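Undergrad:
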Amino acid sequence: MHVRPAAAATAALLGLTLTLTVFGATAAAAAPGPDWLSGPTVYAHRGASAYAPENTLEAIDLAMGMGIEWVENDVQRTKDGELVVIHDDTLARTTDVEQVFPDRAPWRVMDFTAEEIRGLDAGSWFGPQYAGARVPTLREYMDRVQRNQQRLLLEIKKPELYPGIEEQTLRLLDGAGWLDEKHVSRRLVVQSFSAESVRVVHELRPDLVTAFLGTPPLADLPRYAQFTDRINPWYTTIDGEWVNAVHGLIGAHGKAMEVDTWIVDDAATARKVQDMGVDGIITNKPDIVRDAVGAY
Ligand code: G3P
Ligand code: CA
């Protein structure tokens with residue numbers, strides 16, 4: 111929970127007391143939680159995607175160069191079962207697929223093999239300096255995040271298109287060394303717009319920190335708190351009262367639920383949501399937001 115500095119000490123004591131008194135042992139910590147003295151956590155949305163092609167290795171490298179630890183991505187699956195990092199369920203907007211495969215409309219990710227996707231240019235649409243950037247496999251992506259010593263907010267995108275993608279994603283994360291205690295407690299959060307998908311992830315790996323993307327009505331929040339730790343809403347849909355209500359609930363790991371909001375790209379809005387008390391801000395311009403809210 112993000113608390114302004116004046117209230118930080120009190121909140122810290124209250125939080126500690128709550129944890130110790132009500133729950134005994136501390137469950138898996140939702141480690142990314144913001145530093146009370148330095149502002150909300152800043153997440154580079156699809157990497158530093160205002161400045162480099164989204165969801166590429168170049169975009170996370172750029173975020174690293176800006177000193178941004180947390181990156182967000184989107185995971186989908188190819189025709190032959192490879193997990194890849196891409197936002198849209200078609201390849202058309204962010205690659206040259208229409209030129210390379212003109213007869214394959216509507217160019218859905220799920221209709222192309224990993225090898226076909228590997229040959230596409232995922233950078234030129236953004237700018238000539240990024241020509242040759244690729245759609246990374248999730249494994250390549252995890253290895254780069256690891257090499258960069260970054261942390262990951264992983265979104266399972268459109269899970270209704272990819273049966274079993276939750277289990278497959280967790281298997282890959284395990285194989286990449288991302289499900290050990292150190293990663294689970296400090297470096298990884300899994301989110302989705304699908305409550306069912308978040309619930310499945312929680313059941314498969316109860317130690318993982320999870321988030322639901324959306325703005326459920328206040329009355330429904332206790333139901334979400336049974337299987338997730340965070341509610342991550344579009345910034346236009348929230349106010350301070352809603353954020354407070356989320357903070358008032360105990361999430362799946364016995365801690366106050368948190369709120370990471372998206373997509374905030376300007377300083378004034380960043381300060382506005384900071385004043386609402388959000389814990390994190392997901393942004394295409396992590397440098398601007400970090401400077402606005404004093405986060406690291
Ligand atoms: O992380 C929040 C954000 O990614 C949700 O929207 O469409 O960019 O995946 P979208
Ligand atoms: Ca996303």
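Whatever position you read off the sequence shown (first residue = 1), add 110 for this note's numbering. Virtual Cβ for every residue (Gly too), placed ideally from N, Cα, C. Bear in mind that the values here come from a model prediction, so they are computed numbers and not experimental data.
Let me know the secondary structure DSSP gives Asn-342 once reduced to three states.
TA: Correct three-state label for Asn-342: strand.
Undergrad: Roughly how many whole angstroms lie between the Cα atoms of Leu-263 and Val-210?
TA: The alpha-carbon atoms of Leu-263 and Val-210 are separated by roughly 32 angstroms.
Undergrad: Just to confirm before moving on: does the CB-CB distance between Val-255 and Val-194 stay below 8 angstroms?
TA: No, the pair does not count as a contact, with Cβ atoms beyond the cut-off.
Undergrad: Counting by C-beta, which residues lie closer than 5 angstroms to a heavy atom of ligand 1, in chain order?
TA: Those satisfying the condition are, in chain order, Glu-182, Trp-372, Ile-392.
Undergrad: Exposed or buried, Gly-361, counting other C-beta atoms within 10 Å across all chains shown (16 or more means buried)?
TA: Gly-361 should be labelled buried.
Undergrad: Have a look at Tyr-334 and Val-300 and give me their C-alpha separation to the nearest angstrom.
TA: Straight-line Cα distance between these residues: approximately 15 angstroms.
Undergrad: Beta carbon of Gly-371, beta carbon of Ile-392: below 8 angstroms?
TA: Here the sequence assigns Thr to residue 371, which means Gly is not the residue at that position. Yes. Within cutoff.
Undergrad: Using three-state DSSP, classify Asn-354 as helix, strand or coil.
TA: In this structure, Asn-354 counts as helix in the three-state DSSP scheme.
Undergrad: Does the beta carbon of His-80 fall short of 7 angstroms from some heavy atom of ligand 2?
TA: Limits of the chain in this structure are 111 at one end and 406 at the other, which puts residue 80 out of reach.
Undergrad: Look up Thr-393 in the DSSP assignment and say whether it is helix, strand or coil.
TA: Strand at Thr-393.
Undergrad: For Thr-279, does the three-state DSSP call read helix, strand or coil?
TA: Reduced to three states, the DSSP call for Thr-279 is helix.
Undergrad: Flag Glu-265 as yes when its Cβ comes closer than 7 angstroms to any non-hydrogen atom of ligand 2, and as no otherwise.
TA: Checking every heavy atom of ligand 2 against the Cβ of Glu-265, one is found closer than 7 angstroms.
Undergrad: Is the closest heavy atom of ligand 2 to the C-beta of Asp-370 under 7 angstroms?
TA: It does not: the Cβ of Asp-370 is nowhere closer than 7 angstroms to a heavy atom of ligand 2.
Undergrad: Could you check how far apart the C-beta atoms of Ile-348 and Phe-322 are, in whole angstroms? I think they sit under 8 angstroms.
TA: Not quite, the Cβ-Cβ distance comes to about 14 angstroms (not below 8 angstroms), so this is no contact.
Undergrad: Any heavy atom of ligand 4 inside 7 angstroms of the beta-carbon of Asp-375?
TA: This structure does not include ligand 4; its bound ligands are ligand 1 and ligand 2.
Undergrad: Take Glu-277 and list the residues in its own chain whose beta-carbon comes closer than 7 angstroms to its own, dropping the five residues that flank it on each side.
TA: Closer than 7 angstroms at Cβ, skipping near neighbours: Leu-314.
Undergrad: Is the beta carbon of Ile-178 closer than 8 angstroms to that of Arg-400?
TA: Yes.
Undergrad: For a cutoff of 8 angstroms on Cβ pairs, would you count Leu-248 as touching chain D?
TA: Of the chains in the structure shown, none is chain D; there is only one protein chain.
Undergrad: So Val-353 packs on Met-367, CB below 8 angstroms; how close in whole Å?
TA: Actually they are not in contact, since the Cβ atoms of Val-353 and Met-367 sit about 10 angstroms apart, beyond 8 angstroms.
Undergrad: Once you ignore the five residues that flank Pro-326 on each side, which residues in its own chain have a CB closer than 7 angstroms to its CB?
TA: Answer for Pro-326: Tyr-334, Ile-341, listed in chain order.
Undergrad: If we call anything under 8 angstroms between Cβ atoms a contact, is Lys-189 one with Asp-213?
TA: Cβ atoms of Lys-189 and Asp-213: not closer than 8 angstroms.
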